[in-house]
Amino acid sequence: MEDWEHFLEPYRQAVEELKIKFKGIRRQFELEGSHSPIEFVTGRVKPIPSILDKMRRKNIPFDQLDTINDIAGLRIICQFVDDIKKVVELLKKRSDIEIVEERDYISHKKKSGYRSYHVNIRYPVQTIHGEKKVLAEIQIRTLAMNFWATIEHSLNYKYNGQFPEDIQFRLQRAAEAAFLLDEEMSLIREEIREAQVFFSSKKEK
Ligand code: 0O2
128 MEDWEHFLEP YRQAVEELKI KFKGIRRQFE LEGSHSPIEF VTGRVKPIPS
178 ILDKMRRKNI PFDQLDTIND IAGLRIICQF VDDIKKVVEL LKKRSDIEIV
228 EERDYISHKK KSGYRSYHVN IRYPVQTIHG EKKVLAEIQI RTLAMNFWAT
278 IEHSLNYKYN GQFPEDIQFR LQRAAEAAFL LDEEMSLIRE EIREAQVFFS
328 SKKEK
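Residue numbers (this note's numbering): 128 to 332.
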């Protein structure tokens with residue numbers, strides 16, 4: 128148990144530091160009076176039973192624990208689908224994180240209906256014994272995608288991944304509804320933007 132605490136400490140530090148940094152991005156947009164592509168940020172260190180479960184599922188030995196890419200997990204929630212791209216661009220410009228892999232489950236949604244953009248990174252943590260680079264997973268998604276994924280995830284626990292057919296059907300429909308909600312919101316946003324351009328050009332005349 129003590130070993131776990133030592134092992135997990137740099138991951139805890141990475142999650143806390145990255146939460147602060149991503150919240151900082153949001154504040155900077157607010158200070159500039161512009162729309163922040165980040166609505167809110169959450170983070171967690173994977174619970175030990177889930178780590179053990181993943182090791183079993185993927186046949187990962189103890190001496191390769193640090194190859195698990197989502198022990199440190201960050202979630203960036205956006206208002207609009209377009210914001211997701213902006214967040215990825217912001218991440219790519221940073222010198223404090225190294226992008227290892229990107230997985231686009233938005234253009235290619237999962238069979239379950241899951242949509243999200245995953246960025247796996249390597250992040251340096253300063254410890255009393257020097258620098259340690261840890262892997263972390265950043266999941267970037269809209270409020271609607273998050274709503275669906277959160278509920279599906281908790282149902283998954285209840286049914287142990289084996290959904291009855293009717294629930295599976297309803298989840299698929301809910302995923303479709305979340306997709307349409309994102310589309311509608313994007314269209315409304317475009318109309319508001321166009322109206323703003325129209326009014327500001329009228330004011331200038
Ligand atoms: P938790 O509790 O969020 O940590 P694997 O990790 O083995 O499943 P892989 O390829 O390493 O697979 O990673 P993948 O599929 O890119 O990302 C896994 C994580 O994405 C999951 O972590 C979930 O957070 C999320 N995710 C992926 N698919 C789904 C899905 O169908 N529904 C929901 N709700 N979330 C999904 P964990 O470890 O499952 O859970």
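Every residue gets a Cβ at the ideal spot worked out from N, C-alpha and C, and that includes glycine.
Residue i vs residue j beta-carbon contact at 9 Å
i	j	result
R184	I265	no
L262	Y250	yes
I204	N273	yes
L218	I175	no
K236	A302	yes
R242	A276	yes
K173	A199	yes
E92	V215	The displayed coordinates of the chain run from 128 to 332. Any statement about residue 92 would go beyond what the structure contains.
L298	A271	no
I233	I248	no
G170	E132	no
Limits of the beta strand (DSSP E) - the one that residue i falls within
i	result
D193	No beta strand (DSSP E) contains D193, which DSSP labels as neither H nor E.
I265	257–269
I226	225–231
I203	199–205
I165	Segment: none, I165 is in no beta strand (DSSP E) and carries neither H nor E.
H245	244–254
Host alpha helix (DSSP H) of residue i (start-end)
i	result
R94	Here the chain covers residues 128 to 332 and nothing more, so residue 94 does not appear.
Y138	129–159
K238	Note, K238: premise wrong, no alpha helix (DSSP H); not H, not E.
Contact test: residue i Cβ vs the ligand 0O2 heavy atom, cutoff 8 Å
i	result
T277	yes
Y232	yes
R184	yes
G200	yes
H280	yes
Y244	no
S222	no
N196	yes
E264	yes
S239	yes
N283	yes
K146	no
Proximity to residue i [Cα-Cα], best of the options
i	options	result
F296	S239, A271, M272, V261	S239
T254	P137, S234, L179	P137
E279	F290, L158, I195	F290
R268	V168, L135, K220, K173	V168
D130	R300, D293, D223, F189	F189
L145	L298, V252, R316, F306	V252
V227	H256, E132, D197	D197
F207	S281, H162, K220	H162
I315	E258, R139, M182, D209	D209
Residue i: CB within 8 Å of a non-hydrogen atom of the ligand NAD
i	result
G151	The ligand NAD is not part of the structure shown, which contains the ligand 0O2 as its ligands.
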